[in-house]
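Participant: Can you read through this structure? Questions will come right after.
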Amino acid sequence: MVQLQGNTFVVSGGASGLGKGVVEIFLKGGAKLIVLDMNEALGRALQEKHPNRVFFPGKVDVTDLTAVSTALDQAKNVQFYPISGAVLCAGIMTVGLTAALPEHSAPYGTQDIGAFKKLLEVNVIGSFNVAQQVAQRMILQDSDTVSEAERGVIVLTSSYTSTDGQSGSVGYSATKGALSSMVLPMARDLARYGIRVNAIAPGVFLTPINDAFVNDGTKCGEFPLRPGRPEEFGRFVEHVFMNEMINGAVLRQDAALRGAISID
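Each residue of the sequence shown is one higher than the one before, counting from 4 in my numbering.
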């Protein structure tokens, strides 16, 4: 079992939204965090608030192999090492219909192919890039600095839209479905090294990516009716890290949300 206390974890997208929810819960558990994020101001603020517990290497694009590798090297140089896991929350969202007559295209318009490619690059390739680099480092770490039984845990962030996609979410849903599909083969690839891999598929949460669509009063599930909060996501991630029998799984956290939701 991977304990939070005294261990170091990578959180991509950790300066806001679900990622920040993970950072806050892990800090309460005594962890040290390497935060990879594109938001310089929020990342710096987080490090300044927790100078000995959070390392922010500056703006990092998760799709950039060199940038991620350099950031992890910098973290090691300031004793944020060895790494015991990663939570991959960095992502973007665009909306657009597959096709429509002009009078039917509001409010989304149609899905732009360039935007679709960007979704795939950030959400899928970016997540895999960080997962691959963190996993390789965990494998190579000296055996006396990590548990023989378990080297670490990787958690991907999927979405309820991977199985219950909304109208206008064809591109976003495709990327989240791809992340869900990565989990089992990745878990099997890394099992021999004692690294578990899971994904959480959250429903609608109060995060910057959803600000234009939901508020605290939006009905987003059967019970509770409200959207989720980032700290609730963080607590679920903590449980996944602590429970060795959770491996190769895509776990829903969506208040029984199924089908379409109203965003009026």
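Ideal placement from N, C-alpha and C gives every residue a C-beta, glycine not left out. Computed from a predicted model, the values in this text were never measured in an experiment.
Can you tell which of Gly129, Ser72, Ile157 has its C-alpha closest to the C-alpha of Met245?
Facilitator: For Met245, the nearest C-alpha among the options comes from Ile157.
Participant: Just to confirm, are Val240 and Asn132 a CB contact at a threshold of 9 Å?
Facilitator: Not in contact: Val240 and Asn132 (Cβ atoms no closer than 9 Å).
Participant: Identify which residue in Ser165, Ala44, Gly24, Ala103 has its Cα closest to the Cα of Asn126.
Facilitator: Of the candidates Ser165, Ala44, Gly24, Ala103, the one whose C-alpha sits nearest the C-alpha of Asn126 is Ser165.
Participant: Mind the definition here: the stretch 221-234 touches the stretch 23-39 only if three or more C-beta pairs lie below 8 Å; say whether that holds.
Facilitator: Segments in contact, yes.
Participant: What are the uninterrupted segments assigned as alpha helix (DSSP H) that are 4 or more residues long and contained completely in the stretch 82-160, given in chain order?
Facilitator: If we require 4 residues or more, the alpha helix (DSSP H) runs fully inside the stretch 82-160 come out as 116-122, 130-143.
Participant: Rank Leu122, Glu106, Phe119, Ala102 by C-alpha distance to the C-alpha of Thr113 and give the top, closest one.
Facilitator: Selected option, being the one with the closest Cα: Ala102.
Participant: So Leu75 and Gln136 are in contact, right, with Cβ under 8 Å, and what is the actual spacing, rounded?
Facilitator: About 6 Å separates the two Cβ atoms, so the contact holds.
Participant: Report the option in Thr73, Arg229, Cys92 whose CA atom is closest to the CA atom of Gly61.
Facilitator: That would be Thr73, whose Cα lies nearest to the Cα of Gly61.
Participant: Would the beta-carbon of Val38 fall within 9 Å of that of Gly9?
Facilitator: No; because the gap between Cβ atoms is not below 9 Å, this pair is not in contact.
Participant: If you drop the 5 nearest sequence neighbours on each side, which residues of the same chain put their C-beta closer than 8 Å to that of Gly94?
Facilitator: Around Gly94: Gly16, Val125, Asn126, Gly129, Ser130, Thr160, Thr178, Ile212.
Participant: Is it true that the CB of Tyr111 sits closer than 9 Å to the CB of Thr11?
Facilitator: For Thr11 and Tyr111, no; Cβs fall outside 9 Å.
Participant: Which same chain residues end up closer than 7 Å to Met4 when comparing Cβ atoms and leaving out the 5 residues on each side of it in sequence?
Facilitator: Glu153, Met245, Glu247, listed in sequence order.
Participant: Between Gly171 and Asn201, what straight-line distance do the alpha-carbon atoms span, to the nearest angstrom?
Facilitator: The straight-line gap from Cα to Cα measures roughly 27 Å.
Participant: Applying the 10 Å Cβ sphere with the 16-neighbour rule, what's the burial state of Asp147?
Facilitator: Confidence at Asp147 is low in this model, with a pLDDT of 49, below 50, so the placement of that residue should be treated as unreliable; the coordinate-derived value is given next. Answer is exposed; the Cβ neighbour count stays below 16.
Participant: Starting from the Cα of Gly174, find the closest Cα among Lys35, Phe58, Met41, Ile116 and give me that residue.
Facilitator: Residue Ile116 is the option with its Cα nearest to Gly174.
Participant: Need the endpoints of the beta strand (DSSP E) that Ile249 sits in, please.
Facilitator: Here Ile249 belongs to no beta strand (DSSP E), and DSSP marks it neither H nor E.
Participant: Would you mind working out which of Glu27, Lys79, Leu228, Gly168 sits nearest Val268, comparing C-alpha positions?
Facilitator: Summary: the structure shown does not reach residue 268, with the chain confined to residues 4 through 267, and so no result is reported for it.
Participant: Report the residue from Val243, Leu254, Ala194 whose alpha carbon sits nearest the alpha carbon of Ser184.
Facilitator: It is Leu254.
Participant: Cβ atoms of Asn250 and Ala204: under 9 Å apart, would you say?
Facilitator: Contact flag unset, no.
Participant: With 16 as the cutoff for other CB atoms within 10 Å, does Asp67 come out buried or exposed?
Facilitator: Classification for Asp67: exposed.
Participant: Taking the beta strand (DSSP E) that Asn55 belongs to, which residues open and close that run?
Facilitator: Per DSSP, Asn55 belongs to no beta strand (DSSP E) and is neither H nor E.
Participant: Between the Cα of Asn55 and those of Leu36, His107, Val63, spot the shortest distance and give me the residue it belongs to.
Facilitator: Ranking the options by Cα distance to Asn55, first place goes to Leu36.
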